[in-house]
Every structure is written in C-alpha cells, then in structure tokens.
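Residue numbers (the numbering used here), protein chains in the order written: chain R, 41 to 332; chain Z, 39 to 227.
Here a beta-carbon is modelled for each residue, glycine too, at the ideal position from N, C-alpha and C.
Keep in mind that this is a model prediction, so the values were computed, not measured.
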Amino acid sequence: MNEMSKNENLDIQIYNFAYLDENTKRMIRRALLKALCIPGYQVPFSSREMPMPYGWGTGGIQVTSACLIPKDILKVIDQGADDTTNAVSIRKFFQKTANVAVTEKTSDASLIQTRHRIPETKLKEKQILVYQVPIPEPLRFLEPRETETRKMHALSEYGLMYVKLYEDIAKHGHIETAYAYPVKTNGNYVTDPSPIPKFDNPKMNNSPAIQLFGAGREQRIYAIPPYTNVKSLDFEDYPFEAMKANFKCSICGSSDSYLDEIIVSDDGKRSYICSDTDYCKEQTKLNSKKED
Amino acid sequence: MENYPFSENSINSSIAFRSLVNATSYPGTTFQINKLNKPSVLSNAAATILITLCDNESNVYLSKEYNIEEVRNWLIFNTGAIISNKKNADFVIGTWKSLLPLNEFKIGVPEYPERSATLIIEETKYKKVKCNIDGPGIKNKLNIDLPNPEFFIENNNLYPLGLDFYFTNDLEILSIPRSTKINIIKSEH
Ligand SMILES: [Zn+2]
Numbered sequence: 041m042n043e044m045s046k047n048e049n050l051d052i053q054i055y056n057f058a059y060l061d062e063n064t065k066r067m068i069r070r071a072l073l074k075a076l077c078i079p080g081y082q083v084p085f086s087s088r089e090m091p092m093p094y095g096w097g098t099g100g101i102q103v104t105s106a107c108l109i110p111k112d113i114l115k116v117i118d119q120g121a122d123d124t125t126n127a128v129s130i131r132k133f134f135q136k137t138a139n140v141a142v143t144e145k146t147s148d149a150s151l152i153q154t155r156h157r158i159p160e161t162k163l164k165e166k167q168i169l170v171y172q173v174p175i176p177e178p179l180r181f182l183e184p185r186e187t188e189t190r191k192m193h194a195l196s197e198y199g200l201m202y203v204k205l206y207e208d209i210a211k212h213g214h215i216e217t218a219y220a221y222p223v224k225t226n227g228n229y230v231t232d233p234s235p236i237p238k239f240d241n242p243k244m245n246n247s248p249a250i251q252l253f254g255a256g257r258e259q260r261i262y263a264i265p266p267y268t269n270v271k272s273l274d275f276e277d278y279p280f281e282a283m284k285a286n287f288k289c290s291i292c293g294s295s296d297s298y299l300d301e302i303i304v305s306d307d308g309k310r311s312y313i314c315s316d317t318d319y320c321k322e323q324t325k326l327n328s329k330k331e332d
Numbered sequence: 039m040e041n042y043p044f045s046e047n048s049i050n051s052s053i054a055f056r057s058l059v060n061a062t063s064y065p066g067t068t069f070q071i072n073k074l075n076k077p078s079v080l081s082n083a084a085a086t087i088l089i090t091l092c093d094n095e096s097n098v099y100l101s102k103e104y105n106i107e108e109v110r111n112w113l114i115f116n117t118g119a120i121i122s123n124k125k126n127a128d129f130v131i132g133t134w135k136s137l138l139p140l141n142e143f144k145i146g147v148p149e150y151p152e153r154s155a156t157l158i159i160e161e162t163k164y165k166k167v168k169c170n171i172d173g174p175g176i177k178n179k180l181n182i183d184l185p186n187p188e189f190f191i192e193n194n195n196l197y198p199l200g201l202d203f204y205f206t207n208d209l210e211i212l213s214i215p216r217s218t219k220i221n222i223i224k225s226e227h
C-alpha cells in the first residue's frame, strides 16, 4: 500500500459513509434483516438525531443511510416528484455524504426513497424502495397504547380494524379511507403502507423489489420482502378498489397513472397531471416518438 | 490497519450489508460476498455476517469447532460481542451437526418476534435432502438441498416466531428465514 492510498483510507475512516456512524448502522441493519424475516412486523429501533427535523423523512433517511453502497444510483421522490424541497434536500444530503450518483429515472435507480407514492414504472428485482413513514402503527387510531397494539398484533386481533372499515361502508356506502389504507402482509400482520394513495396499494403486492419502511419519530422499521402477498383489507361484499380520478393527464394524456388536481386559472378551472413526474416525462417522450 | 476485517470499514461494511439484504430478501438463492481479514476457521461469508451485524450488545454462541481463542479474540476485538451460551444467543455459528438440537435457541416472543436467534450454518457436509421451498422473497418455488428439513418445517410452523438461518460457504451465502415454507421432495438414504 503506498502513502497516497493510505491517506485516502484515513479520510474514509474519519468520514462516515452516508452520514451515520458504524454503531448506529449496525443496530439499524440488524433491525432491517429481522424486519425482512418477519414481513410487516414493526421492529423497534433507536432513532438517531438527523440534520433535519422529524417530518422530513428522518426514518427513511436512516434506512437509506444503512443500505446505501457507493455504486448505488439514488432517486428521491416526494408525492411522486423529484424536484420538491424535501426530495432535493435528501438527494443532496446523500450526494454529499455518500457521493452516490443520482437519477430521476425510476428504471435507472437502484435505491428509491419515497414519501407518499410508489412509482408508476414497475420496479425490478433488487431495487430497494425506502418509504418515509409518519405513523407506522395501523391500529394507533383505534388504540393509543403501544402495549395493547403489540398484543393485538401478537394475537392477530384485527376485529376492531374491520369494524372501523365496515362503519365507513354503513355511513358512506363505501370505505372512506383513501390514503394509508391498511394491508395484511404475508397473511399475518396488518401493516400501514405509509400515506400512499390506495391507488398504489396493489403495487406492493408480489413486487419484485425490496420494500423497506422507516419511521423516525416513532422509531420503527418494517419491511415487505419481494414476492410477498400484500392484501388490502376488505370484505366479500365490498372488495377493495384502487381508485383514482377518472381523467387523463393534461401533459402526457395517460389515463392509468395517479393524478394530482391542479387549478390552472384565476377562475378556478381545474386540470389533472401525473403525480409521478418521471412517469409523465417518459410517457411524453413515448408520445412524441409515436408522432415521429 | 492490515488486521482490521475491512480495509475501508464504512464502505466495505455497506457493501457486505447489501449482500445480506439481498440474501435475506430472496431466500434460497445464493449471493456472493467479498473477502475480508478473518480467522482461518471461519468462512468469509460467516465472518462477514458477524462483523457487519454484531456489536457490544450482541450475544454470540460459538459451537465447539469455532469456540477457539483466535475466533473469540477476533470477534471481541472487532465487535465487542459477548460470547454466550445457546439460550441467550442472538447469533449462532457452527456446523449443522454441532448445533443440533435447535430447541435451546431463542425464537422470540409473540410481542417481540424479532428477539430470536440468527443461525449461521458453516460447511455443507451434512446429509442433504431435496426440498422445494416457497414463501416471501421466492418468485417461483425453488429446489434446494437442506439438512433435516423437518427442523425447518417445524421452525416455519412457529411463524411469526422462529429462527432465521444463513448457510455460509466460503464466499457464498444463502438464507432460509422463518417465513420460508419447506416441502420435502425425497429423502436420500
Ligand atoms: Zn402525465
């Protein structure tokens, strides 16, 4: 080993790759592997202070930090978009601390950190999708006590959850829950999919990719391994429906992607555009090729 | 410097961990890990698991072949791990034969199923039984050889409690977590 490369090694030793120190990463890594062995179960971990406030995806950031490797190509999205303040700052954070390549293209990314959406483009084997999770406990609004929700999960006591969903049907004729719609993972644990629209729920089922969930404030990590059965809770007479607005994207014309409603003029005229900005760009490109 | 398991700790450990993520995510499929500085009796793969995951809160049980000064010193110096008995072990390392029976290892409790042992099975010199496996992480059912599949079937019956296994051989690693379902194809005699 020559003098030069020794110094380079020293620099790397002092500088923690992807920010977190090795001890913290070990603790998070153990939690992640157990989470993969017990799909949908929430593993407690000791969340660390991050250089951004809770609500900025500190759980997801810690999971990403524990998983990143130098040759990763990172994509960060917030509500489907790569260019929001939150997504930009997380992407910059890992460019700076891990020196990884970044992309906006879902198909080029090896690790995707997301808030509130699953990309429209089908994910592939070994791609990792890291979800930022505000409230990991799907039973929290039924039962505030952690000791009780733990028991409920341990005994698969999910009757109350179904009662709540059925009350919705009785009151509104359909299930009102449109985001964070609970799922059952591997036929066992009821799991919070994070506040994604229920339109995205079917993408979690039997995905070739690795899905990891990090909740910083609540200090929980959970996972859905690839090719795992993920079923949105429903009833025989009211089967689950992945709904979206029945319009086309005003940019790319897609009718099968999840749309955001935007107000386009002062008199309140509305329009719809893809929430997944990369997907919208790709569709627009495909359209112009067809026209050529 | 040369005695450290990884030459560039933070980076090599991240690469090692990614292999573990892949192996755990896709049970029954073999993944490759890199070489590291380790005691000669340990495989690179087994040493990688210990170095990447253990710290001073980890209880490690070493079966008799591995419970030697060189391994103990290496493990304690590099991770701070505690050498423990079977009952308290978070990580277990040994050959298949030396670890049987498995019933002393912790399988977690209903409220905390993750408080269970991770078993690292070294060497492939066990009686092999052809099995067909299915479950999370497995796209199409896979055929693999396992030792005493009845133990793995019993382990899966405990789900969501249970033991999680890594089979290690030189640079190769393969996982059989508690979630994997096992069907025996045929027993070889
Ligand atoms: Zn569009």
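Practice task
Return the CA-CA distance between L50(R) and I49(Z), expressed in angstroms with no decimal places.
Solution key: With a pLDDT of 43 at L50(R), under the threshold of 50, the modelled position of this residue cannot be trusted; read the value that follows with caution. If you draw a straight line from the Cα of L50(R) to the Cα of I49(Z), it is about 12 Å long.
Handout entry: Buried versus exposed call for R70(R) [16 or more other C-beta atoms within 10 Å across all chains shown]
Key = R70(R) is buried by the Cβ-count criterion.
Problem - Span of the beta strand (DSSP E) around E89(R) - result: Element bounds for E89(R): n/a, residue is neither H nor E.
Exercise for the section: Please indicate yes or no: does the CB of Q102(R) lie closer than 7 Å to some heavy atom of ligand 1? Expected result: Q102(R): no, Cβ never under 7 Å from ligand 1.
Handout entry: CA-to-CA distance, Q135(R) to I54(R), given in whole angstroms
Key = Here I54(R) scores only 45 on pLDDT, less than 50, and its place in the model should not be relied on; the value that follows carries that caveat. Straight through space, the alpha carbons of Q135(R) and I54(R) are spaced by roughly 17 Å.
Practice task
Consider the C-beta atom of S294(R) and the heavy atoms of ligand 1; say whether any pair is separated by less than 7 Å.
Solution key: Under cutoff, so the answer is yes.
Handout entry: Closest by C-alpha distance to Y221(R), when choosing among K166(R), F239(R), S150(R) and H212(R)
Key = Nearest option by C-alpha distance: F239(R).
Practice task
Using a cut-off of 9 Å between C-beta atoms, extract the partners of V170(R) located in chain Z.
Solution key: Within 9 Å Cβ-Cβ: nothing; V170(R) doesn't reach chain Z, min ~11 Å.
Problem - For F44(Z), three-class secondary structure by DSSP - result: Shown here, F44(Z) sits in coil according to DSSP, grouped into three states, outside any helix or strand.
Problem - Rounded straight-line distance, which links the Cα of L182(R) to that of I222(Z) - result: Answer to the nearest angstrom: the Cα atoms are 43 Å apart.
Practice task
Taking only beta-carbon positions, decide if I158(R) is within less than 8 Å of chain Z.
Solution key: Chain Z contact via Cβ: absent.
Exercise for the section: Could you run through the region 258-286 of chain R and flag, in chain order, every residue whose CB is less than 9 Å away from some CB of chain Z? Expected result: Contact residues of the region 258-286 of chain R toward chain Z are A263, I264, P265, P266, Y267, T268 and N269 (C-beta to C-beta distance below 9 Å).
Exercise for the section: Can you grab the Cα-Cα spacing for the pair T162(Z) / I214(Z), in whole Å? Expected result: Near 15 Å, if we compare the C-alpha coordinates of I214(Z) and T162(Z).
Exercise for the section: Please name the residue in A106(R), S290(R) and E281(R) whose C-alpha comes closest to that of K21(R). Expected result: Examination of residue 21(R) is not possible in this model, given that chain R is present from 41 through 332 alone.
Exercise for the section: Decide if V147(Z) is buried, meaning its Cβ has at least 16 other Cβ atoms within 10 Å, or exposed. Expected result: Under this definition V147(Z) is an exposed residue.
Problem - Simplified DSSP assignment, three categories, for S45(R) - result: Annotation note: pLDDT 41 at S45(R) (below 50); position unreliable, coordinate value reported separately. In the structure shown, S45(R) adopts helical secondary structure according to DSSP, grouped into three states.
Practice task
Spell out whether any CB of chain R is found under 8 Å from the CB atom of E192(Z).
Solution key: Not closer than 8 Å to any Cβ of chain R, the Cβ of E192(Z) fails to qualify, so no.
Handout entry: Partners in chain R for I71(Z), counting only beta-carbon separations shorter than 8 Å
Key = By Cβ distance, chain R contributes nothing, its closest Cβ being about 13 Å from I71(Z), past 8 Å.
Exercise for the section: State yes or no: is the beta carbon of V140(R) nearer than 8 Å to at least one beta carbon in chain Z? Expected result: With 8 Å as the cut-off, V140(R) does not count as an interface residue toward chain Z.
Problem - Near ligand 1: A313(R) beta-carbon under 7 Å from a heavy atom - result: The amino acid occupying residue 313(R) in the given sequence is Ile; Ala does not appear at that position. Taking the Cβ of I313(R) as the reference point, at least one heavy atom of ligand 1 falls within a distance shorter than 7 Å.
Exercise for the section: Spell out a yes or no on whether the region 149-163 of chain R and the region 111-129 of chain R are touching, meaning 3 or more CB-CB pairs, one atom from each, closer than 8 Å. Expected result: Taking one beta carbon from each stretch, the region 149-163 of chain R and the region 111-129 of chain R have 3 or more pairs nearer than 8 Å; the two touch.
Practice task
Determine which residues share a DSSP beta bridge with L236(Z) and list them.
Solution key: Since the first and last residues shown for chain Z are 39 and 227, residue 236(Z) lies out of range.
Handout entry: Distance between T90(Z) and S51(Z) (C-alpha atoms, nearest Å)
Key = Straight-line Cα distance between these residues: approximately 6 Å.
Exercise for the section: Kindly indicate the opening and closing residues of the beta strand (DSSP E) around N181(Z). Expected result: Segment L180 to L184, the beta strand (DSSP E) holding N181(Z).
Exercise for the section: Quick one: which residues of the region 179-207 of chain R get their C-beta closer than 9 Å to a C-beta of chain Z? List them in chain order. Expected result: Listed in chain order, the positions of the region 179-207 of chain R with a beta carbon within less than 9 Å of a beta carbon of chain Z are T187, R190, K191, H193, A194 and L195.
Problem - C-alpha gap between F205(Z) and Y278(R), whole angstroms - result: Taking the straight line from one Cα to the other gives about 45 Å.
Exercise for the section: State the beta-bridge partners of S213(Z) as determined by DSSP. Expected result: S213(Z) is bridged by DSSP to Y204(Z).
Exercise for the section: Verify whether the separation of the beta carbon atoms of N94(Z) and P43(Z) is less than 8 Å. Expected result: The criterion of a C-beta distance shorter than 8 Å is not satisfied by N94(Z) and P43(Z).
Exercise for the section: Using 10 angstroms around the beta-carbon of N82(Z), count the other beta-carbons present and answer buried if the total reaches 16, otherwise exposed. Expected result: By the neighbour-count rule (16 or more Cβ atoms within 10 Å), N82(Z) is buried.
Exercise for the section: Would you verify that the beta carbon of I113(R) is, or is not, closer than 8 Å to some beta carbon of chain Z? Expected result: By this cut-off, I113(R) is not an interface position.
Practice task
Quick one: using the 10 Å Cβ neighbour count with 16 as the cut-off for buried, is Y229(R) buried or exposed?
Solution key: Residue environment: Y229(R) is assigned as buried (16 or more neighbouring CB atoms within 10 Å of its CB, all protein chains considered).
Exercise for the section: Identify which residue in D208(R), I313(R), T317(R) and D307(R) has its Cα closest to the Cα of D300(R). Expected result: Comparing Cα positions, the closest option is I313(R).
Exercise for the section: Give me the Cα-Cα distance between I159(Z) and G95(R), rounded to the nearest whole angstrom. Expected result: Their backbone Cα atoms lie some 41 Å apart in a straight line.
Exercise for the section: Mind checking which residues open and close the alpha helix (DSSP H) that includes F134(R)? Expected result: Its alpha helix (DSSP H) spans residues T125 to A138.
Handout entry: Nearest-angstrom Cα separation, counted from T156(Z) out to V109(Z)
Key = Distance between the alpha carbons of V109(Z) and T156(Z) is about 18 Å.
Practice task
Give the range of the alpha helix (DSSP H) segment to which R260(R) is assigned.
Solution key: Looking at the DSSP string, R260(R) is not in any alpha helix (DSSP H); the run it does join, the beta strand (DSSP E), is R260 to I264.
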